[in-house]
Amino acid sequence: MITAQKTLGTYPEQWIHVYTDGSAFKGAINEGYGVRIQYPDKTKEELIESCGSNCSSYEAEAFVIEAAVFQLTSVFSLYPEKTENIVIFSDSNSVLEALQNKSL
1 MITAQKTLGT YPEQWIHVYT DGSAFKGAIN EGYGVRIQYP DKTKEELIES
51 CGSNCSSYEA EAFVIEAAVF QLTSVFSLYP EKTENIVIFS DSNSVLEALQ
101 NKSL
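Heads up, the sequence shown is in the UniProt record's numbering, so the first residue is 1 and it goes up one at a time.
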């Protein structure tokens, strides 16, 4: 918990903070995800969706990041003034590594 608090504290409040989580029951049943987007003006958006019944935890974690980016792209096209620095927080090292290696 202390490490998470230190990590969160390293990014300015003037940035858009995106918190993501994907999950699945028993690793591959009834998957879903949630996104919370916190804007610098203290407004927020939350998205909660199902990924279907045949999706892995990995896929749910990947879907949630994709959904967050899609939502931000939509917001920025309507409100270009909201475009800011963005940080996405995810607990899925495997998805983050795949993004970094451009294999996702």
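The beta-carbon is built from N, C-alpha and C at its ideal position, and this holds for glycine as well.
If you run the structure through DSSP and keep just helix, strand and coil, what is residue i?
i           : result
M1          : The predicted position of M1 is uncertain, since its pLDDT is 49 and thus under 50; a value taken from the coordinates is nonetheless stated next. Reduced to three states, the DSSP call for M1 is coil.
Q38         : strand
T43         : coil
E13         : coil
residue 144 : Because the chain in this structure spans residues 1 to 104, residue 144 falls outside the shown range and cannot be described.
S50         : strand
S90         : coil
V18         : strand
Closer than 7 angstroms by C-beta to residue i: which residues in its own chain qualify, once you throw out the five before and the five after it? Chain order, please.
i  : result
I2 : Any reading at I2 must be qualified, since the residue scores a pLDDT of 48, below 50, and its modelled position is unreliable; the value itself is stated next. Correct list: empty, nothing qualifies.
What residue range is occupied by the uninterrupted alpha helix (DSSP H) comprising residue i?
i    : result
Y58  : S57 to L78
N101 : Here N101 belongs to no alpha helix (DSSP H), and DSSP marks it neither H nor E.
Could you check which residue in the options has the C-alpha nearest to that of residue i?
i   : options               : result
D91 : L72, S74, Y11 and S23 : S23
F76 : P12, Y39, D21 and Y11 : Y39
query = When the Cβ atoms of the segment 29 to 39 are set against those of the segment 50 to 64, are three or more pairs found closer than 8 angstroms?
reply = Output reads yes: the segment 50 to 64 touches the segment 29 to 39.
message = Would you call the segment 9 to 18 in contact with the segment 78 to 87, where contact means no fewer than 3 C-beta pairs closer than 8 angstroms?
response = With the rule of 3 Cβ pairs closer than 8 angstroms, the segment 9 to 18 counts as touching the segment 78 to 87.
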